[in-house]
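Student:
In our numbering, the protein residues as written are -15 to 312.
1. Could you check where the alpha helix (DSSP H) with residue 145 kicks off and where it finishes?
2. Whose C-alpha, out of 293, 85, 198, 249, is nearest the C-alpha of residue 269?
3. In whole angstroms, what separates the C-alpha of residue 139 from that of residue 155?
4. Look up residue 298 in the DSSP assignment and say whether it is helix, strand or coil.
5. Give me whichever residues DSSP pairs with residue 63 in a beta bridge.
6. Where DSSP assigns a beta bridge to residue 47, which residues make up the other side?
7. Just to confirm my understanding: we take residue 247, look at its own chain, exclude 5 residues before and 5 after, and list those with CB closer than 7 Å. What are they?
8. Looking at C-beta atoms only, is the number of pairs between the region 254 to 274 and the region 222 to 232 that lie closer than 8 Å three or more?
9. Let me check one thing: in DSSP terms, what residues is residue 1 bridge-paired to?
10. Which residues share a DSSP beta bridge with residue 230?
11. Let me check understanding here. Comparing Cα to Cα, which of 235, 149, 153 lies closest to residue 206?
12. Look at the Cβ atom of residue 93, then the Cβ atom of residue 126, and state whether they are nearer than 9 Å.
13. Look at the alpha carbon of residue 3 and the alpha carbon of residue 264, and state the distance between them as a whole number of angstroms.
14. Check whether the region 106 to 118 touches the region 82 to 93, taking contact to mean three or more Cβ pairs, one atom from each stretch, closer than 8 Å.
15. Within 10 angstroms of the Cβ of residue 166, are there 16 or more other Cβ atoms? Answer buried if so, exposed if not.
16. With a threshold of 7 Å on Cβ separation, who are the neighbours of residue 216 within its own chain once the five nearest residues in sequence on each side are excluded?
17. For residue 144, which of 213, 111, 221, 55 has the nearest alpha-carbon?
18. Is the beta carbon of residue 66 closer than 9 Å to that of residue 42?
19. For residue 107, does the three-state DSSP call read helix, strand or coil?
20. How close, in whole Å, do the beta carbons of residue 238 and residue 30 come, if the pair is a contact with beta carbons under 8 Å?
21. How many angstroms separate the CA atom of residue 232 from the CA atom of residue 6?
22. So which of 241, 271, 290, 60 has the shortest CA-CA distance to residue 254?
23. In angstroms with no decimal places, state the Cα-to-Cα distance between residue 38 and residue 137.
24. From residue 73 to residue 116, what does the alpha carbon distance come to, in whole angstroms?
25. Just verifying my parser: in three-state terms, what is the DSSP assignment at residue 248?
26. To which residues of the same chain is residue 71 closer than 6 Å at the C-beta, ignoring the five residues directly before and after it?
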């Protein structure tokens, strides 16, 4: 079962969390693989998308926000866009659009940043957004401060977090066919509204500056030593014990099951029926005449909805489907 673990380092300005997506991640892959039009993602793409999904859960869980966090990577490689969406209740879904062939060992640069046009974007879309209100979006290039392409998604995310939140952050991400997982370690501000209350009185400006806090630097070094294989294969208790056995951790109750990360997509057969009704009987009938049926796939989860001639006849004689809409 997918799980999210949050923890603090007792008395230190450092927090962390670990996410392991199992059933939620497998649901995404299985739906995509079952789509007869697209088929399964190439390995390099589904590993990138898995890392993105784990990262999106970490970011959503790291902020106080009631709405959807949308993590996007887009650029000039074969992966035109990849998206992971996580809501405040940790419901998640993800998708990627791929044009052309993808090498098995393709890295982030060859997937989305071939000519340096790749971008990373985080969008926060409030659940209670008022009419005319625009979602917040932050965008950074897939290049570091020296202008070189970042080699991994973790590096891109660390760069984004440093630019957007001005807080040192260390991220380790990994994904395979079974698990998408991530570890996030972040320095907490010693001063300001969200400071670490215990340390406020003795905090110096130097300790609160980027890259200067020794406690964070020590813990970040330990976190960065976590290998891909360890992150994918070890349980969370073992990971934390191996990395931080000399530190005192204050751990929160893990979030699993309905309160933890779980797959959910807003598509449904009913929404597709509404969309078809909005297209009109004449247009839908022409598709049936040409192909024998109508088949609509969800761009997010890959689910396919098929309507044969009898289904279409019933649809347009059923007055309960009247409003136009979208499958997504």
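Think of the CB as a built atom: it goes at the ideal place given N, C-alpha and C, for glycine as much as any other residue.
Tutor: The answer reads as follows:
1. Bounds of the alpha helix (DSSP H) holding residue 145 are 137 to 149.
2. Closest option to residue 269, Cα to Cα, is 293.
3. 8 Å
4. Of the three classes helix, strand and coil, the one that applies to residue 298 here is helix, per DSSP.
5. 82
6. Bridge partners of residue 47: none, in fact.
7. 8, 11, 12, 76, 77
8. no
9. -10, 168.
10. Paired residues: none, contrary to the question.
11. Out of 235, 149, 153, 153 has the C-alpha closest to the C-alpha of residue 206.
12. yes
13. 45 Å
14. no
15. buried
16. 158, 160, 163, 165
17. 55
18. No, they are not a contact pair.
19. strand
20. The pair is not a contact, with the Cβ atoms about 26 Å apart (cut-off 8 Å).
21. 28 Å
22. 290
23. Using only the alpha carbons, I get a separation of about 11 Å.
24. Distance between the alpha carbons of residue 73 and residue 116 is about 25 Å.
25. Residue state, collapsed to three classes: coil.
26. 52
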